[in-house]
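Protein chains in written order, with the working numbering: chain A, 2 to 285; chain S, 216 to 380.
Shown next as structure tokens:
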């Protein structure tokens with residue numbers, strides 16, 4: 002390519018620059034309803050092969066890193082599966098004797114996180130599963146340690162996840178023993194408490210000890226009950242409405258997540274997933 | 216200059232785009248890994264006039280906005296600025312020099328992150344300071360070193376007269 006002459010400053014260049022700046026400002030100003038379809042179209046056309054390449058790279062990287070662990074887990078699973086039909090029939094028989102319904106089945110879709118270079122990456126990121134894999138908007142996104150966020154937009158092969166650090170994120174939460182309920186929200190980006198959650202709306206008479214595990218309460222039906230959000234590390238500000246606000250250290254940091262599970266079960270929000278995460282915590 | 220040189224230039228830019236979506240994830244923390252996409256833009260802009268550079272920056276930025284919807288438009292604005300400014304920098308700083316190219320890569324990355332951080336409005340206080348004075352300089356450094364290495368190895372393909380730094 003020929004290096005351009007050093008005669009700069011033509012009026013056309015300036016006009017193009019100002020036009021691009023104006024378009025950028027317009028893009029920042031348009032409502033979500035307009036920008037979402039545009040972004041989606043770009044991801045499904047121009048960016049689709051590049052995102053597929055990134056997904057393949059992530060898959061290869063994790064495959065190489067975890068092949069031995071997966072082999073061991075597969076062997077264990079095969080051993081356990083040998084007893085599964087007998088256990089399943091026994092479980093069904095006992096449940097029918099007790100008059101219980103079918104056990105909660107929460108389907109999930111595994112996905113790789115497609116991190117991008119940029120200061121706002123921990124607030125939203127792309128994952129490598131979309132509509133074709135059964136992902137829907139507002140599906141909860143979790144890692145083995147706890148809640149990562151919720152799906153905010155879905156494409157054919159990818160989805161956009163708004164993490165708990167996003168300013169608009171809210172989740173109905175409670176202490177793990179059910180003694181206190183409130184709303185979990187990002188603490189904000191100023192002061193020493195950055196990258197923390199806060200438990201808002203706790204009645205003034207209710208005290209939550211430090212190190213208490215905070216989990217999702219399932220209210221609202223968006224995020225299933227029992228998913229760990231974090232642990233209480235202290236009390237935040239009190240405001241004039243006689244409520245207490247507690248600072249919560251999140252169970253998961255969005256920047257450190259490479260793989261997630263998107264909960265797509267039809268009985269979403271109807272059951273308690275606490276036992277599943279306790280089981281995850283015990284596994285090596 | 217041979218006729219094939221311009222094809223080599225575009226070949227290198229396409230390679231950088233592919234590296235961004237493949238190798239980059241293996242180069243450590245996302246906050247400090249080199250930004251190959253921005254590098255491709257900068258390599259184009261320091262060889263083009265300011266108008267096309269601003270246009271190329273806008274296109275790259277709007278594509279990145281599709282990948283990070285939190286700050287839609289902020290990347291377009293930032294890359295437009297960086298494209299336009301780096302194109303001007305060629306005239307002011309004589310961009311054929313390898314060291315100067317490295318400085319342009321460093322400054323371009325830092326300014327890009329500065330504009331994105333401010334325009335998106337999502338980062339404030341201590342978080343903004345950490346981004347601007349810790350993570351951004353580190354990413355700028357890795358990007359600049361990568362860019363200098365690429366120029367050093369593929370300089371003739373990029374039709375750049377690389378002088379002694």
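We put the beta carbon where it would ideally sit given N, CA and C, even for glycine.
Closest Cα partner of residue i within the set the options
{"i": "residue 250/A", "options": "67/A, 147/A, 152/A", "result": "147/A"}
{"i": "residue 296/S", "options": "213/A, 189/A, 22/A, 133/A", "result": "22/A"}
{"i": "residue 258/S", "options": "303/S, 291/S, 330/S, 331/S", "result": "303/S"}
{"i": "residue 55/A", "options": "348/S, 370/S, 360/S, 232/S", "result": "232/S"}
{"i": "residue 354/S", "options": "160/A, 222/A, 118/A", "result": "118/A"}
{"i": "residue 229/A", "options": "169/A, 176/A, 61/A, 124/A", "result": "176/A"}
{"i": "residue 360/S", "options": "279/S, 324/S, 280/S", "result": "324/S"}
{"i": "residue 373/S", "options": "263/S, 337/S, 267/S, 327/S", "result": "263/S"}
{"i": "residue 167/A", "options": "200/A, 125/A, 158/A", "result": "125/A"}
{"i": "residue 271/S", "options": "201/A, 266/A, 20/A, 159/A", "result": "20/A"}
{"i": "residue 226/A", "options": "58/A, 127/A, 35/A, 178/A", "result": "178/A"}
{"i": "residue 30/A", "options": "311/S, 328/S, 286/S, 316/S", "result": "286/S"}
{"i": "residue 263/A", "options": "238/A, 243/A, 223/A", "result": "223/A"}
{"i": "residue 57/A", "options": "252/S, 239/S, 245/S, 279/S", "result": "239/S"}
{"i": "residue 13/A", "options": "269/S, 235/S, 227/S, 228/S", "result": "269/S"}
{"i": "residue 348/S", "options": "134/A, 120/A, 43/A", "result": "120/A"}
{"i": "residue 326/S", "options": "294/S, 222/S, 251/S", "result": "294/S"}
Spatial distance of residue i from residue j (CA atoms)
{"i": "residue 78/A", "j": "residue 85/A", "result": "10 Å"}
{"i": "residue 224/S", "j": "residue 255/A", "result": "37 Å"}
{"i": "residue 261/A", "j": "residue 129/A", "result": "10 Å"}
{"i": "residue 331/S", "j": "residue 289/S", "result": "5 Å"}
{"i": "residue 352/S", "j": "residue 362/S", "result": "15 Å"}
{"i": "residue 132/A", "j": "residue 275/S", "result": "26 Å"}
{"i": "residue 335/S", "j": "residue 248/S", "result": "21 Å"}
{"i": "residue 248/A", "j": "residue 187/A", "result": "10 Å"}
{"i": "residue 256/S", "j": "residue 18/A", "result": "15 Å"}
{"i": "residue 245/A", "j": "residue 150/A", "result": "24 Å"}
{"i": "residue 189/A", "j": "residue 340/S", "result": "10 Å"}
{"i": "residue 82/A", "j": "residue 74/A", "result": "12 Å"}
{"i": "residue 182/A", "j": "residue 139/A", "result": "21 Å"}
{"i": "residue 196/A", "j": "residue 76/A", "result": "39 Å"}
{"i": "residue 159/A", "j": "residue 216/A", "result": "27 Å"}
{"i": "residue 367/S", "j": "residue 283/S", "result": "32 Å"}
{"i": "residue 62/A", "j": "residue 242/S", "result": "12 Å"}
{"i": "residue 155/A", "j": "residue 38/A", "result": "10 Å"}
{"i": "residue 370/S", "j": "residue 343/S", "result": "36 Å"}
{"i": "residue 237/S", "j": "residue 314/S", "result": "27 Å"}
{"i": "residue 252/S", "j": "residue 235/S", "result": "6 Å"}
Check whether residue i and residue j have beta carbons under 7 Å apart
{"i": "residue 144/A", "j": "residue 253/A", "result": "yes"}
{"i": "residue 1/A", "j": "residue 162/A", "result": "No answer is possible for residue 1/A: the residues shown for chain A start at 2 and end at 285."}
{"i": "residue 358/S", "j": "residue 254/S", "result": "yes"}
{"i": "residue 174/A", "j": "residue 218/A", "result": "yes"}
{"i": "residue 208/A", "j": "residue 232/A", "result": "no"}
{"i": "residue 261/S", "j": "residue 305/S", "result": "yes"}
{"i": "residue 259/A", "j": "residue 114/A", "result": "yes"}
{"i": "residue 157/A", "j": "residue 45/A", "result": "yes"}
{"i": "residue 299/S", "j": "residue 267/S", "result": "no"}
Coil, strand or helix - residue i by DSSP
{"i": "residue 166/A", "result": "coil"}
{"i": "residue 284/S", "result": "helix"}
{"i": "residue 237/A", "result": "strand"}
{"i": "residue 158/A", "result": "coil"}
{"i": "residue 191/S", "result": "The structure shown does not extend to residue 191/S, since chain S is modelled only from 216 to 380, so the question has no answer here."}
{"i": "residue 327/S", "result": "helix"}
{"i": "residue 360/S", "result": "helix"}
{"i": "residue 185/A", "result": "strand"}
{"i": "residue 105/A", "result": "Unreliable placement is indicated for residue 105/A, whose pLDDT of 47 sits below 50; no coordinate value is reported for it."}
{"i": "residue 124/A", "result": "coil"}
{"i": "residue 117/A", "result": "coil"}
{"i": "residue 265/A", "result": "coil"}
{"i": "residue 202/A", "result": "strand"}
{"i": "residue 252/A", "result": "coil"}
{"i": "residue 171/A", "result": "coil"}
{"i": "residue 147/A", "result": "strand"}
{"i": "residue 333/S", "result": "helix"}
{"i": "residue 246/S", "result": "coil"}
{"i": "residue 90/A", "result": "helix"}
{"i": "residue 32/A", "result": "coil"}
{"i": "residue 216/A", "result": "strand"}
{"i": "residue 232/A", "result": "strand"}
{"i": "residue 111/A", "result": "strand"}
{"i": "residue 1/A", "result": "As shown, chain A starts at 2 and ends at 285. That puts residue 1/A outside it, with no answer to give."}
In the region 44-87 of chain A, which residue ranges form an unbroken alpha helix (DSSP H) of at least 4 residues, counting only runs that do not cross its ends? 49-83
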